[in-house]
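Read through the structure below, which is laid out as structure tokens, and then see the notes.
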Amino acid sequence: YYCCLVQTLSTGTQGTRDAHEGTLPVIHLCGDSHVISPAWQRISVGDQTHLLRPQLVTGLKHWHLREATDFYPKKNFYRVVDGIPDGANVVFMFGEIDCREGILVAVEKGRYETVEEGMLVTMNFFLKAVVEVQRRKKFRVFIHPVNPVLNETRHLCMAYNKIYRRRVRETPGLHWLENVAERMLVGGEGSTQKKTLRPDLALDGTHLHPSYLKLVSEALTAKQKHLAPWTRL
Numbered sequence: 066y067y068c069c070l071v072q073t074l075s076t077g078t079q080g081t082r083d084a085h086e087g088t089l090p091v092i093h094l095c096g097d098s099h100v101i102s103p104a105w106q107r108i109s110v111g112d113q114t115h116l117l118r119p120q121l122v123t124g125l126k127h128w129h130l131r132e133a134t135d136f137y138p139k140k141n142f143y144r145v146v147d148g149i150p151d152g153a154n155v156v157f158m159f160g161e162i163d164c165r166e167g168i169l170v171a172v173e174k175g176r177y178e179t180v181e182e183g184m185l186v187t188m189n190f191f192l193k194a195v196v197e198v199q200r201r202k203k204f205r206v207f208i209h210p211v212n213p214v215l216n217e218t219r220h221l222c223m224a225y226n227k228i229y230r231r232r233v234r235e236t237p238g239l240h241w242l243e244n245v246a247e248r249m250l251v252g253g254e255g256s257t258q259k260k261t262l263r264p265d266l267a268l269d270g271t272h273l274h275p276s277y278l279k280l281v282s283e284a285l286t287a288k289q290k291h292l293a294p295w296t297r298l
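When we follow the numbering used here, the leftmost residue of the sequence shown carries the number 66, and every step to the right adds one.
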């Protein structure tokens, strides 16, 4: 993650914990390494500036949150979410690793008959866990789509997001950040496989430039009635 950290810091866009924590309402970003570049940034939600506080769970797949495993990333996920204050605003950002290295392998091994079946089963493990956490911790939960950064897996990420969005919208208490992933891409004339990442959003080849947060800001503004009115922690 060194390159991601260095390149994020070189953008000069991030806030600092000392300068802003405690004076701005906080939105927690709970995710894999994709939370690094948005960490400690300030974004506008409506007419209010918020601080994005990272809650990093490296290497976590949606698949890891199934009941039949005790793999370390799962334990780390619960350690991290238990440290987030009750009633907080939380954006969950996971799923990219499943698209990159999990689902296709599972289909090849015959675990699922189709890629779509594998996607649905995988995300349902995650959503079940998030619903339980949301009820226990009284979080205001927002779901960030899978970031379609890599050329090799972009079509899988977007296919995953299509099903993921539907499942989130079917789940009470969870709120999908609309049109974030779609607006990261250009070209392709309607074909996801031909679309490319917007050049201004590229960072290190794997993660997004912090400037993409304008898309998140607009998506959260559209959902601002679901945010806790003032959460500093």
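All residues carry an ideal CB built from backbone N, CA and C; glycine is no exception.
Put simply, of Pro213, His291, Ser282 and Thr286 the residue whose alpha carbon is nearest the alpha carbon of glutamine 106 is Ser282. Residue range 219-234 is occupied by the alpha helix (DSSP H) that includes cysteine 222. A Cβ-Cβ contact shorter than 8 Å links isoleucine 108 with leucine 278. Between the beta-carbon of lysine 260 and that of glycine 252 there is about 6 Å, and that keeps the pair under the 8 Å contact cut. For glutamate 197, the closest of Arg248, Arg131 and Met249 by C-alpha to C-alpha distance is Arg131. Secondary structure of valine 110 (DSSP, three-state): strand. Remark: C-beta atoms of phenylalanine 142 and leucine 117 do not approach each other more closely than 8 Å. Judged by their CB atoms, methionine 184 and aspartate 97 are not nearer to each other than the 8 Å cut-off. Around the CB of asparagine 216, fewer than 16 other CB atoms lie within 10 Å, so the residue is classed as exposed.
Counted as a single uninterrupted DSSP element, the beta strand (DSSP E) harbouring asparagine 154 occupies residues 154-158.
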